[in-house]
Structures are given as C-alpha cells and as structure tokens.
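> Below you will find the structure I want to go over with you.
4 protein chains.
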Amino acid sequence: MIKVGIVGATGYAGQQLLWLLFNHSKIDVCFLSSYNYANSAYSQVYPQYNTFINKYCIDMQTAEKKLPMIDVLFSALPHGKFFPIIEKALNQGVKVIDLSADFRIKDSNVFKKWYQIEHPKKYLLKNSVYGLPELYKEKIRKAKLVANPGCYPTASILALAPLVNSQLVDLSSIIIDAKSGISGAGRKPKLSNVFSECNESIRAYSVTCHRHTAEIEQEISNLYGDKINLSFIPHLIPMNRGILATCYVTLKKNISEESLYSLYEDFYRDEYFVRITSKLPETKWVKRSNLCDIGIRVDKRTSKVLIISAIDNLIKGAAGQAVQNMNIMFGFEETEGLKLISITP
Amino acid sequence: MIKVGIVGATGYAGQQLLWLLFNHSKIDVCFLSSYNYANSAYSQVYPQYNTFINKYCIDMQTAEKKLPMIDVLFSALPHGKFFPIIEKALNQGVKVIDLSADFRIKDSNVFKKWYQIEHPKKYLLKNSVYGLPELYKEKIRKAKLVANPGCYPTASILALAPLVNSQLVDLSSIIIDAKSGISGAGRKPKLSNVFSECNESIRAYSVTCHRHTAEIEQEISNLYGDKINLSFIPHLIPMNRGILATCYVTLKKNISEESLYSLYEDFYRDEYFVRITSKLPETKWVKRSNLCDIGIRVDKRTSKVLIISAIDNLIKGAAGQAVQNMNIMFGFEETEGLKLISITP
Amino acid sequence: MIKVGIVGATGYAGQQLLWLLFNHSKIDVCFLSSYNYANSAYSQVYPQYNTFINKYCIDMQTAEKKLPMIDVLFSALPHGKFFPIIEKALNQGVKVIDLSADFRIKDSNVFKKWYQIEHPKKYLLKNSVYGLPELYKEKIRKAKLVANPGCYPTASILALAPLVNSQLVDLSSIIIDAKSGISGAGRKPKLSNVFSECNESIRAYSVTCHRHTAEIEQEISNLYGDKINLSFIPHLIPMNRGILATCYVTLKKNISEESLYSLYEDFYRDEYFVRITSKLPETKWVKRSNLCDIGIRVDKRTSKVLIISAIDNLIKGAAGQAVQNMNIMFGFEETEGLKLISITP
Amino acid sequence: MIKVGIVGATGYAGQQLLWLLFNHSKIDVCFLSSYNYANSAYSQVYPQYNTFINKYCIDMQTAEKKLPMIDVLFSALPHGKFFPIIEKALNQGVKVIDLSADFRIKDSNVFKKWYQIEHPKKYLLKNSVYGLPELYKEKIRKAKLVANPGCYPTASILALAPLVNSQLVDLSSIIIDAKSGISGAGRKPKLSNVFSECNESIRAYSVTCHRHTAEIEQEISNLYGDKINLSFIPHLIPMNRGILATCYVTLKKNISEESLYSLYEDFYRDEYFVRITSKLPETKWVKRSNLCDIGIRVDKRTSKVLIISAIDNLIKGAAGQAVQNMNIMFGFEETEGLKLISITP
C-alpha cells in the first residue's frame with residue numbers, strides 16, 4: 001500500500017482520479033484538497049459517492065502540511081497554480097504526477113510563447129518526464145516528476161506515433177481535426193458550458209492557438225527527430241465525454257492499408273491500452289475506459305492516410321493515464337485498477 | 001405600427017420576445033436594454049441575428065429616458081427588479097407587459113410568503129391583469145398592466161381549467177408532475193445548468209416550495225370559486241426547451257373519456273393556440289410554437305383522470321404569450337406574428 | 001467458480017449482464033446465445049469488448065444442448081419466448097434467472113389480462129420467486145427459478161415498501177410518475193427509438209395500460225396484505241439510461257419528514273444497494289451502479305408525502321439485480337461484482 | 001399562385017419542404033405522396049401539424065395522375081427511385097426540383113462509379129442544372145430540371161468556392177472534415193440511428209467512399225477549370241440537425257486573413273443567405289434557417305487556411321434550398337418564405 005494525496009480533487013479530472021484510486025487495491029488516499037470546496041464532505045460535492053467516500057476536502061495549506069505522510073502527490077489543478085507545492089513535495093522526496101500543463105513543455109521559451117508566463121521552475125523541467133507510457137515507459141519508471149499529457153495530445157500522439165517513426169509520409173502535411181465532449185471544458189460554470197448554449201450545436205474553438213498544439217508538436221518532433229509544425233483544430237460537441245481525433249497525413253509513396261495496420265500493430269504490440277481496430281473507432285467504445293482505439297484508412301484517390309483515434313478525455317486523457325503512470329512508477333501491474341471499460345449505452 | 005421597448009432583452013425569454021417582435025408586421029422595436037450587455041451589439045450577444053438585428057443594447061437609465069417614445073414596454077427581467085420603471089411607464093401612459101412574477105399574485109400576503117419580500121407597489125396589483133388570454137381575454141383587452149404567466153402555470157392551468165369548472169372531480173386531489181427543458185433555468189451560468197451536470201440525468205427541484213405553486217393555486221381557486229391547495233413538482237430534463245405537465249385528478253363519479261374530451265373541446269372551442277389531441281402530447285409537437293396541446297385519459301381502475309399538456313416554455317410559456325397579450329391589448333389579430341410552429345426534428 | 005449460460009445476450013440488458021458476469025470473480029461464462037447475431041463474434045456486435053470478450057454468439061438450439069454444462073441460466077429475452085428452454089433447464093437441475101416478465105405475475109389470470117396470453121407453464125409460477133432481494137432475500141436463497149423484476153417496478157416498489165408497511169397512508173391514493181431513459185425501449189430499431197424522434201422531446205406512453213402496473217400492484221398488495229390499485233404513468237426522456245420514479249401518497253395523519261426518514265432507514269438498514277438520501281435523488285448519482293437512491297418530502301400544505309427513487313434501469317433495473325440474485329442463490333457475497341458505481345460525467 | 005406536388009413528403013427533408021411551402025405566400029400544395037404512409041392523414045405522421053395541415057398522403061400512381069394539375073414537382077425520395085415519374089413530369093411541361101442525387105452528377109460514368117448503377121436517363125443530365133443558387137442563379141432561372149445539391153456539398157462548396165476561384169492555394173491539398181446531426185441519416189429506423197447507439201458518441205462513416213465526394217469534386221473542378229481530387233470525411237454527432245464543415249487548404253503564398261475576408265465578402269456580396277462571419281460559425285446560429293455562415297482563419301505557422309462553414313442540413317442543405325431554387329425558377333423574390341431563422345436555444 002502506498003499513500004497518496006490529491007490536490008484539485010473536485011474538478012472532473014480530480015473526481016475521476018479519486019474514484020480510480022479509491023478502487024485501486026494498492027492505494028491509500030490520505031488527503032484530498034479543493035480550492036472551492038475546502039472543508040466540505042466530498043459526497044456533498046459529488047453525491048454519487050455518498051456512503052462510499054466519507055472524506056472531507058482540505059485546503060491547500062493543510063495539504064502542504066500533510067506532504068510528509070504521502071509517497072506520491074497528484075495534482076488536478078489548472079496550470080500555473082501548482083508550482084510552489086510541487087517544489088516542496090519533491091524536496092521532501094514525494095513523487096509527483098501533475099495533470100496540468102506546467103511541466104509538459106520542455107523548452108521554457110515555447111512554454112512562455114503558448115502560456116504567456118515565464119516558467120518559474122525551469123530547473124525542474126529537465127528532470128520531468130512526459131507521462132505517455134506507450135512512448136516513455138522506462139523514463140516514467142524512474143521519474144520523480146511526471147507531467148501527465150493533455151487529453152488532445154494523448155489521442156493525437158498515439159494516433160500519429162507509428163507513422164511518424166516510419167519515413168513513409170510527408171510530416172509537413174499533418175492535420176488533426178479533434179472533437180471533444182463538453183466535460184473537457186471543465187466544471188466551472190461559464191456561458192460556454194451552459195447546457196442550452198452547448199446542446200444541439202457544434203463549434204470549433206481556439207483555432208490555430210490551442211495550447212495543446214505545442215505539446216503535440218514537441219512529441220511529434222521528438223519522434224521524427226526534427227522540428228515539425230502541424231495544424232490542430234479542436235471542436236466541442238454535445239456529449240459529456242470522449243475525444244475523437246481525425247488525423248490527415250499525405251503519403252510520400254504508395255502504401256497499402258494492410259502494411260500500415262502491421263506497422264501500427266507492431267508498434268503497439270505490448271500495449272494493453274491501445275487497440276488497433278479494423279472498424280473505425282467510435283468514442284462510445286472507449287467511454288469510461290483507459291483505452292485508446294486507433295483505426296486507419298488509405299485514400300488512394302488523394303494519396304492521403306487517415307488515422308482516427310478515440311479516447312475518454314477524462315480517463316486515458318487525464319485520470320486513467322495518471323494512474324497508469326503511478327502504476328509504472330511504483331512497480332505495480334500497469335493495468336492495476338484500470339480494467340474497467342464502458343458499458344454502453 | 002406601434003412602438004415597443006424591451007428591458008431584459010438578452011435572457012432567453014427576452015431573446016425569443018425580440019425575435020417574435022422583430023418579425024411582427026405591426027411592431028417597431030424602439031429600444032432593448034440589458035444589464036449584462038449594455039452598449040453591446042445584439043448580434044454580438046446572439047450571433048444568429050447577425051445581418052438581421054443591428055440594434056445595440058442600452059442600459060436601464062437610457063431606457064427610462066426613452067419611455068415617452070413607446071406605446072408598450074415589455075420586461076423580461078427577473079422578478080423584483082422592475083418595480084421602479086414600471087411605475088414610471090404607467091404614469092406616462094405606456095402599457096406594460098411584465099414577464100416576471102411581480103404582478104401575478106393578487107394577494108400581497110401570498111406574494112410575501114412565496115417571494116420573501118413586501119410587495120412595493122401594492123396599489124398596482126388591483127389593476128394588473130393575469131395575462132392568460134384563454135381565461136382573461138376581455139380583461140387583457142382593457143389592461144394597462146399585464147402580468148404574463150409563468151411557464152409551468154401556463155401549462156398547468158390550461159390543462160386543468162375545464163375540469164375545475166365542471167363539478168366532476170375532487171379538487172383536493174390535484175397533483176401536477178411537470179417536466180421542463182434546461183432553458184427554463186435561464187442563461188446565467190451556474191453549476192446547476194452546466195452541460196455535463198444536466199446532460200444524461202433527471203432531477204426534481206424546488207419540491208413543495210416552487211413559487212409557481214402560488215400562481216397555479218390562485219388561478220385554480222378563482223376558477224373553482226374556493227381556495228384550493230395542490231401539489232406541484234417540477235423536474236429538469238436534458239433538453240433545451242419544452243414543458244410537459246402530467247396532471248392527476250380523482251373523479252367524484254364515473255365520467256367517460258369521450259365526455260371529458262367534449263368538455264375540453266367546448267371550453268377551448270374558440271382558442272387558436274389550444275389543441276385538444278387524441279394522441280397524448282409530446283413536447284416536440286409544440287416546440288417553437290405558441291401552442292398548448294392537451295390530451296386526456298381516464299384510468300377506470302383507479303377512478304383518476306389524467307390530463308397531459310405540452311407547451312414551449314419560452315414561447316407559450318413566456319415570449320409568445322406576451323406577444324399574444326400585446327395583440328389583444330392593441331386590437332391586432334390575436335395570432336399576428338405567432339403562426340410559426342416547430343419544424344421537427 | 002460456477003458456470004453460467006446467457007440467452008438473449010445481445011440486447012442492452014444482456015450486454016450489461018454479460019459484462020458484469022465477465023468481471024465477476026466467481027463466474028465462468030460458458031455460452032451466450034442470440035437470435036439476431038447467432039455465430040457472430042460478440043465483439044462484432046459490441047466493439048467496445050474487442051480484445052476483452054472473444055466469445056461467439058450461439059443459437060437457441062445449441063444453447064439447449066449446452067444446458068448440462070451450466071449451473072445457472074440467465075435469460076434476457078423478451079417475454080413470452082423463453083418458456084420451452086426454461087422448463088428443460090429446470091428439469092436438468094439448472095437454476096434459472098429470468099429477466100423477462102414471464103414469471104413475475106403469480107396470478108395467471110392477471111398475467112393473461114395484461115399480457116394477452118394464456119400462461120403456458122402455470123405449474124412453474126407457484127415455485128418462482130420474485131427477485132427483489134430487498135424484500136425476498138430468504139426465498140431467493142432457496143429459489144430454483146427467479147423472476148427478475150422489471151425496471152419500473154424495482155424503482156417503484158423500493159420507493160413505496162416502507163410506507164406501505166406502515167399504516168400511516170391512504171394506499172388508494174398511490175400515484176407513480178416515472179421517467180426513463182431511452183435504453184428502456186430496447187435496441188431493436190423502431191420509429192419510436194430513432195434518435196431524432198426521441199431527442200429534445202418528452203412524452204408519456206402506455207398510459208393506464210403499461211404492463212409493469214400489474215407487477216407493482218402485486219407487490220404493493222402483498223406488502224399491504226390487501227388488494228390495491230394504483231396509477232403508474234411512465235415517460236420517456238432523452239437520455240440513455242436511468243429511471244426516476246416520483247411517487248405521491250396521501251397521508252392519513254400528520255407525520256414529520258424526520259419520522260419518515262427513520263422509517264425508511266430502519267427498513268433498509270441492512271441493504272447495501274439502497275441509499276436513503278437527504279438530497280432528492282438524481283439519476284446521474286446511480287448511473288452504471290446497482291444502487292437505488294430514495295429521498296422523501298412531506299408537503300404539509302396538501303398532506304401528501306412524496307417519495308423519489310432513482311435507479312439505473314439496466315443495472316438495478318435488470319442486469320445488476322440479476323447478478324445480485326445469483327450471488328444470493330449461490331451463497332456469494334451479495335455485492336460480489338456489483339461495487340462499480342457511476343463516474344459522472 | 002403556382003401549384004406544386006411533392007413526392008416523398010414524409011421523410012425529414014420532405015417534411016421540412018412541405019412546411020416551408022405551406023407557409024409560402026405564392027404556393028398552393030396540390031398533393032403529397034408517400035411510400036410508407038399513403039392514405040394516411042399527414043397530421044397522423046407528424047402530429048405537430050394537427051389543425052394546420054389537413055391533407056392526406058397519396059400513393060405514387062395517384063401522384064402521376066395528378067401531374068397535369070401542377071406547375072412544379074418536388075421529389076424528396078431516395079436516389080434511384082424517381083426516374084420514371086420525372087420523365088413523365090417533364091414531358092408534360094412540369095418543372096422538377098429533385099432533392100435526390102439522381103441528376104447532380106453530370107458525367108454518367110462518375111455517377112455509375114459512385115452509385116453502382118447505370119444512369120437510366122442520361123439524356124436528361126445535360127439539361128439538368130445543379131441547384132446551388134449562389135453559383136448557378138442564371139441557369140436555375142431557365143431550368144426545367146434542377147438537381148438540388150446534397151447537404152454536405154452545399155456546406156463544402158460554398159466554403160471553398162471563392163478560394164478555388166482565386167489562384168492562391170494548392171487545390172490538391174483540400175481536406176473537408178464534416179460533422180452532421182443525426183437527422184442526416186434519415187427517419188427510417190436502423191440500428192445506426194437508434195437513440196442509445198448515437199447519443200453520447202461520435203464516429204466517422206463512409207470514410208473515403210461517401211457519395212457526396214463526387215458531387216463536391218465535380219463542382220470544385222468546374223470552378224477551378226481542371227479536375228481535382230479531394231478528401232471528404234463525414235462524421236455523425238449527437239444532435240438533431242446542423243452541419244459544420246471544417247475545410248483545410250494549403251496556401252501557395254502568404255495571404256492575410258483580411259484579404260481572404262475581402263475575397264469572400266466580394267464573392268458573396270449579393271447573396272442574402274451567405275454570411276461571412278468574423279467569429280467562427282456554430283451550427284446553432286443557422287439552425288432552422290436557409291443561411292450558410294462562413295468563417296476564415298489563416299494559420300501562419302503551417303501556411304494553411306482554414307474555412308469553416310455551417311448550415312442546417314435540412315434547410316439550406318435540402319428543403320430550404322429547394323424552395324430557394326423554386327423562387328428563382330418562377331421569378332419570385334429569392335427569399336420568399338425563407339426568412340425564418342433559428343430562435344435558439
């Protein structure tokens with residue numbers, strides 16, 4: 001049994017994380033903190049946990065005092081708010097899994113460009129590990145600080161990684177047209193996530209300026225071994241959860257769908273949570289699971305290859321991947337506590 | 001052409017009202033005011049009206065200055081905020097149609113009990129008319145101040161009126177189980193109308209204490225000629241608009257469904273906007289229309305009669321009824337500008 | 001490990017059942033049969049189970065041949081189709097849990113009245129047990145044939161049972177206004193469950209004639225010790241899953257909300273899956289769980305008590321309750337394999 | 001007043017068409033025919049029209065007999081079913097507006113390739129006019145047979161036309177990622193449009209093989225003056241209506257967003273139904289209207305231009321455009337009967 005603390009436990013990602021940890025056989029949750037709900041019973045915030053989770057939310061200051069009690073700290077706070085406590089935690093030998101964007105971008109200039117702030121803890125960047133287990137399992141195993149990937153980057157990078165490794169495609173041509181459920185916009189009330197404003201409509205947002213672009217480009221460039229720019233356009237659609245990423249890449253020469261399928265199956269052969277599917281993915285097939293489904297089509301008429309990936313934005317895109325990272329960091333079974341899957345409808 | 005002003009034009013009811021008036025052949029909209037969007041172009045607030053509505057929102061003070069320009073003032077403001085300007089308008093001979101609850105309750109003690117404030121303009125109550133045209137057409141014709149009914153009361157009272165008039169039922173047994181779309185909760189962002197909190201769930205709210213109860217009881221008691229208490233339980237369901245009211249009343253003696261249908265058809269014979277339907281109503285059949293559909297079933301096994309009514313909460317339940325009242329007050333065709341109907345899906 | 005077979009495994013209830021059994025530590029699923037998908041891989045029918053469930057669907061005839069292999073047979077077939085195989089199973093000492101309505105109604109005349117067919121296996125009725133564990137746990141423990149309750153009856157009976165036992169209310173006054181998600185209408189395509197026909201609308205259906213009425217009345221009458229008729233009105237609302245039952249009963253004398261809460265807490269003290277909640281239930285709080293939440297309000301003004309219950313129609317209303325019954329029949333922990341709960345949104 | 005007939009009046013497009021014509025000041029609807037609902041009252045099929053539309057559906061044979069009565073025939077039938085009657089109509093001097101795909105593809109070999117049938121009336125193709133008024137108004141004015149465009153092609157072609165005309169972009173790079181509401185899948189019940197199968201999920205379909213690709217390529221090629229292949233990928237999202245087309249094109253040289261906006265504003269200067277919007281379009285802004293909103297963004301980092309268009313798939317994408325074509329063919333005001341617009345929510 002290891003002891004964990006959660007800061008930012010009352011947002012949607014935090015809620016999913018708490019529930020996954022609560023059902024994890026090797027975990028003892030020592031504390032959960034919340035800005036908005038400090039001193040409230042967790043089951044007052046989320047009544048579905050009534051009789052299951054009897055803990056209270058504590059405030060940030062109290063959380064800091066409890067750092068010595070824990071082995072690992074999870075943060076599901078918004079980016080830019082977590083720097084002080086993370087440093088304290090690491091100094092006390094507590095491992096950290098940060099679900100925010102604060103430590104995902106290795107180049108502090110790129111970080112500044114996209115997040116409009118000077119990174120206050122540059123010295124921590126070089127030792128932080130980008131927590132996408134399908135790419136960095138060995139580094140994660142040894143990591144003290146894991147930057148849990150964003151939801152869009154998880155779907156996009158997993159969809160593109162095998163293709164980027166191969167030298168078969170024109171990487172300047174990458175377009176990612178992503179569609180997300182509304183939970184991705186968070187739980188904080190704002191006009192843009194009011195039911196009657198979102199329901200029965202679809203829109204693109206943060207076009208050409210979404211911060212996840214930097215994260216996707218960093219990882220695609222690393223895989224390719226050279227700097228790549230790509231187009232990433234997110235859309236919000238009227239459903240609670242799920243991301244579908246439709247990725248377009250131009251072929252440099254003819255490749256058969258079959259050989260691309262082999263390429264992907266080989267690349268993810270040992271990965272429990274990635275499924276290469278003959279049918280093209282639908283988000284409902286991965287809902288409430290830590291899975292990423294990937295399907296491939298070649299359009300001979302236009303020499304383009306189309307890769308479609310689907311994840312649950314709150315599980316593989318956030319809380320589930322955080323638990324997967326923790327499992328690796330502490331030598332547990334990678335799938336421990338993550339075998340749930342959607343029971344649609 | 002008559003000249004109208006609207007205060008509170010940027011909420012959902014105000015938006016519907018403006019659009020209806022904008023398409024009304026006899027109306028010139030002189031001004032629209034908004035608390036939150038003063039000095040914004042209306043098409044910035046609601047981009048669907050881009051190229052159609054080029055007006056700007058003005059503030060309350062400016063609106064007051066413009067009162068002399070108009071023949072009728074509509075308020076779609078929350079209750080309790082409209083008293084000062086309404087008095088000014090009436091004093092200047094401007095007719096008023098108030099979509100709030102401020103002048104619906106005739107008994108200021110009842111008003112105080114349900115709204116927790118002393119009514120500041122009691123002297124106006126005795127001359128205000130409850131704007132349900134199917135019951136008060138003649139009074140509305142002569143009214144200077146019309147209190148436009150609430151959405152739930154409109155559906156409930158129209159469903160029950162013919163039965164209450166007849167002496168066939170036990171009126172102490174009335175139960176109204178109502179279901180509303182989320183737009184009824186307004187446009188102001190709050191946790192309870194965030195998409196992911198409302199979607200894929202249903203809940204009852206304001207149980208035994210919803211303020212519309214007072215309004216329904218007042219009108220049902222008037223119809224009956226004696227004071228009646230009833231049970232009104234509203235529910236929120238995951239759709240944008242529409243109210244379904246399922247009403248239960250115990251029969252005092254056997255009545256056939258056929259005779260009840262005749263009773264209802266006679267009662268509403270001259271009412272364009274009420275349809276007595278053999279199939280039980282569905283909200284999609286009245287969506288975006290000023291119609292109220294009513295269906296009736298007798299459950300012989302339990303000696304209960306069931307009346308189900310359906311309206312669009314924002315049209316017959318708010319903006320459409322306000323326009324219907326205006327048409328009557330100014331001697332226009334009652335249906336003027338209100339013949340649109342849902343084009344489902 | 002016990003061995004189970006499922007007939008009707010590709011409907012929504014069957015799918016949920018298979019998934020629950022698949023994750024149950026004490027179960028080995030020997031076969032699944034399907035009318036529409038015989039000889040198809042189950043993961044072709046439900047691709048979300050790809051790489052998890054590798055079984056094929058077999059046909060009814062093959063299923064019959066495999067009866068000797070199993071300890072318990074589950075049926076998630078429509079009512080009226082299962083009589084032949086159930087008899088064969090019982091004759092071979094295989095226990096049966098029937099999710100259809102075929103053995104719920106003890107009185108074959110009542111069955112005939114509501115289902116318009118002569119019950120072909122009357123002799124089995126007297127030994128069948130109505131599988132509502134919160135009422136019949138001991139009988140279920142010894143049962144060979146369990147009739148798994150309907151979704152609406154589960155929510156309704158659990159909501160009313162404690163009150164019916166007490167002599168505090170007028171039982172002739174019971175009204176159940178129930179709201180269900182669309183999955184309750186099944187997976188078979190028909191106009192009434194087409195997306196654009198259901199979405200953004202609400203309707204009542206089978207008014208005064210829904211077959212679950214018979215089932216609810218049977219159990220309420222048993223609890224009361226005398227024959228009771230009640231009103232049950234179901235509605236379909238645009239969400240995938242969940243039932244909210246709003247129940248109205250008239251008080252015979254004054255009772256406080258507090259004493260009613262004590263009454264309910266005592267009645268369900270030992271029941272893991274029933275939660276008496278101070279906040280009124282919302283379906284999202286029980287979604288994907290085997291829980292039934294119940295909240296109570298007294299309306300002093302009308303001397304009515306209001307009980308609201310919420311379940312997941314496919315879990316506590318079908319598959320989850322079937323597993324709960326199996327756990328009891330075979331001496332497993334009652335909660336085995338049923339501790340999952342909704343992770344909203 | 002001109003006299004019209006409709007065949008295929010009970011599908012979603014037919015329903016919208018009938019309602020628009022019913023509210024059109026210059027139209028007398030002589031007959032409506034339906035395969036599935038012949039001899040049914042229209043208000044039985046769509047109860048929302050109860051008391052408004054009192055007509056009955058007739059069968060195809062009767063419709064043919066009534067051709068001499070009418071000036072124009074609308075077909076909202078599936079493709080491939082309408083050839084016989086259209087020939088009869090034209091021979092009798094009746095103008096035809098066909099909402100199916102039968103006469104959209106000018107090259108019968110291309111038609112055969114995508115629709116897998118030999119075109120049975122090739123001789124009619126050369127005189128048929130592709131009914132996109134913003135491109136072919138003059139031809140439509142004189143047309144006897146108008147092929148009403150598909151929903152996706154309408155959104156896609158209007159989004160791309162100005163850019164294709166300019167020589168500024170690499171047309172081999174066109175990608176159209178389109179998202180449609182479920183009504184696009186029609187009213188006929190099938191597993192793929194069952195509520196619980198569509199709701200809370202998103203999927204791509206007909207990837208690399210959707211028939212609308214041929215139609216889009218034909219028109220884009222015509223505009224460009226040379227044969228172009230492009231990628232068109234449609235997705236289904238859980239809402240009733242609306243299409244958002246996200247179009248990606250690579251710039252051949254630097255162009256500012258401003259100059260592209262001017263290009264588009266000039267191109268559509270005289271078009272009432274096309275709005276060039278500074279904010280990127282959302283489908284709710286055009287819902288239930290005949291509008292097409294278009295927004296533009298340049299991504300300097302990737303030298304790509306992004307054009308997003310939004311329409312209502314059943315109005316501008318079908319019925320509304322058909323009425324717009326009729327207005328032009330008969331010399332009415334182009335906007336006659338088409339000025340309704342969404343009144344969100």
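Residue numbers (the UniProt record's numbering), protein chains in the order written: chain A, 1 to 345; chain B, 1 to 345; chain C, 1 to 345; chain D, 1 to 345.
Backbone N, C-alpha and C define an ideal beta-carbon position, used for all residues, glycine too.
Report yes or no: is there a C-beta of chain D within less than 7 Å of the C-beta of Asn313 (chain B)?
no
> Using 7 Å as the threshold, is the C-beta distance between Ser108 (chain A) and Lys122 (chain A) below it?
yes
> By Cβ distance below 6 Å, which residues in the same chain neighbour Pro189 (chain C) in space, the five residues on each side in sequence not counted?
none
> Taking DSSP as the reference, what is the three-state secondary structure of Tyr49 (chain C)?
When secondary structure is reduced to three states using DSSP, Tyr49 (chain C) falls in the helix class.
> Nearest to Pro345 (chain C) by CA position, among A:Lys252, A:Ala322, A:Ser256, A:Arg187, is which residue?
A:Arg187
> Below 9 Å on C-beta distance, what does Glu200 (chain D) contact in chain B?
Asn199, Glu200
> When the Cα atoms are used, what is the spatial distance from Asp170 (chain B) to Leu251 (chain B)?
6 Å
> For Thr154 (chain C), which of helix, strand or coil comes out of DSSP?
helix
> Excluding the five sequence neighbours on either side, which residues of its own chain have a C-beta within less than 7 Å of the C-beta of Cys30 (chain A), listed in chain order?
Lys3, Val4, Gly5, Lys66, Met69, Ile70
> Thinking C-alpha only, which one of A:Leu338, A:Ser256, A:Pro78 is nearest Arg301 (chain A)?
Comparing Cα positions, the closest option is A:Ser256.
> On a CA-only basis, which of B:Pro153, B:Asn54, B:Ile174, B:Leu124 is nearest Leu135 (chain B)? Give me that one, please.
B:Pro153
> What residues from chain B crowd round Lys190 (chain A), counting only those whose CB sits closer than 8 Å?
Within chain B, the C-beta atoms nearer than 8 Å to that of Lys190 (chain A) come from Pro189, in chain order.
> For Leu191 (chain A), I'd like the list of residues in its chain whose CB is within less than 8 Å of its CB, leaving aside the five on either flank, ordered along the chain.
Correct list, in chain order: Glu197.
> Within the 7 Å Cβ cut-off, does Ser196 (chain B) reach chain A?
Yes, contact with chain A.
> Contact check, Lys144 (chain D) vs Leu90 (chain D) under 8 Å by CB: the rounded distance?
So it is a contact: roughly 6 Å between Cβ atoms.
> Taking 6 Å as the limit between beta carbons, can you name the residues of its chain near Ala155 (chain A), skipping five residues before and five after?
Ile243, Ala245, Ser309, Ile311
> Quick one: which chain D residues come within Cβ less than 7 Å of Ile182 (chain C)?
Taking a Cβ-Cβ threshold of 7 Å, the residues of chain D close to Ile182 (chain C) are Phe195, Ser196, in chain order.
> Go ahead and label Arg211 (chain B) buried or exposed: buried means 16 or more other beta carbons lie within 10 angstroms of its beta carbon, across all protein chains shown.
buried
> Going along chain F, which residues have a C-beta under 7 Å from Asn240 (chain D)?
Considering every chain present, this structure includes no chain F. Its protein chains are A, B, C and D.
> Restricting to Cα atoms, I'd like to know which of D:Val274, D:Glu215, D:Lys179, D:Leu20 is closest to Arg241 (chain D).
D:Lys179
> What are the complete alpha helix (DSSP H) segments, minimum 4 residues, inside the segment 123-184 of chain A?
133-142, 151-165
> Using DSSP's beta-bridge definition, name the partner residues of Phe232 (chain B).
B:Ile176
> Could you please give the first and the last residue of the uninterrupted beta strand (DSSP E) stretch that includes Gly5 (chain A)?
2-7
> Would you be able to state if there are at least three C-beta pairs under 8 Å between the segment 73-93 of chain C and the segment 8-18 of chain C?
yes
> Tell me which same chain residues have a C-beta within less than 8 Å of the C-beta of Gln321 (chain A), skipping the five on either side of it?
Gly131, Leu132, Pro133, Asn148, Pro149, Thr154, Asn290, Ile315
> Kindly say whether Arg288 (chain C), judged by its beta-carbon, lies nearer than 7 Å to any beta-carbon of chain B.
no
> Let me know if Arg269 (chain A) comes out buried or exposed under the rule of 16 or more other beta-carbons within 10 Å of its beta-carbon.
exposed
> Does DSSP classify Tyr248 (chain D) as helix, strand or coil?
strand
> Please decide whether Arg301 (chain C) counts as near chain B, where near means a Cβ-Cβ distance under 7 Å.
With 7 Å as the cut-off, Arg301 (chain C) counts as an interface residue toward chain B.
> Which same chain residues, not among the five before or five after Ile175 (chain C), have their C-beta less than 6 Å away from its C-beta?
Ser231, Tyr248
> For the beta strand (DSSP E) holding Cys30 (chain D), just list the boundary residues, first then last.
Unbroken beta strand (DSSP E) run through Cys30 (chain D): 27-33.
> For Leu21 (chain A) and Thr283 (chain C), I'd like the C-alpha separation in whole angstroms.
24 Å
> Considering only their Cβ atoms, is the gap separating Pro234 (chain C) from Asn199 (chain C) smaller than 7 Å?
The answer is no: Cβ separation not under 7 Å.
> Here's the rule: buried if 16 or more other CB atoms are within 10 angstroms of the residue's CB, otherwise exposed. What is Gln16 (chain C)?
buried
> Quick check on the DSSP output: the beta strand (DSSP E) that includes Gly295 (chain B) runs from which residue to which?
292-299
> Taking Thr51 (chain B) as the query, report the chain D residues whose CB atoms sit under 8 Å from its CB, ordered along the chain.
Arg275
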